[in-house]
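Residue numbering for the sequence shown follows the working numbering, starting at 5 and increasing by one per position.
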Amino acid sequence: MQRRDFSRSLLAAGTTALAATGGLITPAFAQRVGPKEGTDFVRVSPTAPVESPASQIEVVEFFAYSCIHCFNFEPMFDEWMKKQPASVNVRRMPVAFSPAFVPMQRLYFTLENMKLVDRLHSKVFQAIHVDRQQLTNTPAITAWIEKQGGVDMARFNAFYNGAAAGLATKATQLQEAYKVEGTPSLGVAGRYYVNGQGPRTLVVADALIAEARKG
5 MQRRDFSRSL
15 LAAGTTALAA
25 TGGLITPAFA
35 QRVGPKEGTD
45 FVRVSPTAPV
55 ESPASQIEVV
65 EFFAYSCIHC
75 FNFEPMFDEW
85 MKKQPASVNV
95 RRMPVAFSPA
105 FVPMQRLYFT
115 LENMKLVDRL
125 HSKVFQAIHV
135 DRQQLTNTPA
145 ITAWIEKQGG
155 VDMARFNAFY
165 NGAAAGLATK
175 ATQLQEAYKV
185 EGTPSLGVAG
195 RYYVNGQGPR
205 TLVVADALIA
215 EARKG
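Next up, the structure:
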């Protein structure tokens, strides 16, 4: 989901960078790549708020369930996220470029609250982009969740219609603080914003995490 189209040359560069590592993104390679400010990332000013303690570097993935690029990026991001050390705290953050996105924001936060992200997060992407289900409004979302089985619907509905609204508002505020232009994209340590560049997005993120560690 783009507010503007990303350059195809950046996507190509990302594929080349990933191939050079044999499919693995290493910190050493990330630093050698030397991401360029203004091209690969921008500095966030004023800095965006972070929720992680000072001992951790916070990385935020901005995504939208309706975004085909997020669907394609998710497997790579998920693998990358699982490999991060305890000193890196990775958070997913659903965006809202208009009020139409809010039900999907609430869906994610409800899954997160109920510890259903591992089970259902990728299935939501699958339902929308493969099965062509329109999970963009509350009735459709509720009907789909009911079909997944084993979900406490009373608890789901209570959180979705309650606390999830506040979390959605907070997510949009963070999105605005990072000046998010499209998805998928990353925020690093409240200081850096990385626009979507295919696999190279994660190479750039590794380099910026290394930079943030310097203080």
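We put the beta carbon where it would ideally sit given N, CA and C, even for glycine.
Element boundaries [beta strand (DSSP E), containing residue i]
i    : result
P89  : It is not in any beta strand (DSSP E) - P89 carries neither H nor E in the DSSP assignment.
V192 : S189 to V192
Start-to-end residues for the alpha helix (DSSP H) that takes in residue i
i    : result
Y197 : Y197 -> not in any alpha helix (DSSP H); beta strand (DSSP E) instead, spanning Y196 to V198.
G170 : A167 to A181
E215 : R204 to R217
N161 : M157 to Y164
E185 : Looking at the DSSP string, E185 is not in any alpha helix (DSSP H), and its letter there is neither H nor E.
E150 : T142 to Q152
Burial state of residue i (16 or more Cβ within 10 Å)
i    : result
K87  : exposed
N199 : buried
I72  : exposed
Q201 : buried
A193 : buried
Which listed residue (the options) has its alpha carbon closest to that of residue i
i    : options                   : result
D81  : V128, L111, V155 and A209 : Looking at the sequence shown, residue 81 is not Asp but Phe. The residue with the shortest Cα to Cα distance from F81 is A209.
M108 : A131, N93, A90 and E185   : A131
N165 : L212, T114 and P89        : T114
V172 : R96, H133, A216 and G194  : First, the residue type needs correcting, since residue 172 is Ala and not Val in the sequence shown. Nearest of R96, H133, A216 and G194 to A172, Cα basis: R96.
N93  : I213, K151 and G219       : I213
M85  : K183, D135 and E62        : E62
T51  : F163, K183, A211 and E83  : K183
Sub-9 angstroms separation of residue i and residue j beta-carbons
i    : j    : result
E55  : F67  : no
A104 : A175 : no
L111 : V155 : no
G186 : L178 : no
A167 : N117 : yes
R195 : R47  : yes
F45  : Y197 : yes
- [ ] Mind listing, in chain order, the continuous alpha helix (DSSP H) runs of no fewer than 4 residues lying wholly within the region 100-135?
- [x] Qualifying alpha helix (DSSP H) stretches, in chain order: 106-117 and 121-133.
- [ ] Please specify which runs of the beta strand (DSSP E), each continuous and at least 3 residues long, are wholly inside the region 44-69, giving them in chain order.
- [x] Listed in chain order, the complete beta strand (DSSP E) runs (minimum 3 residues) inside the region 44-69 are 61-67.
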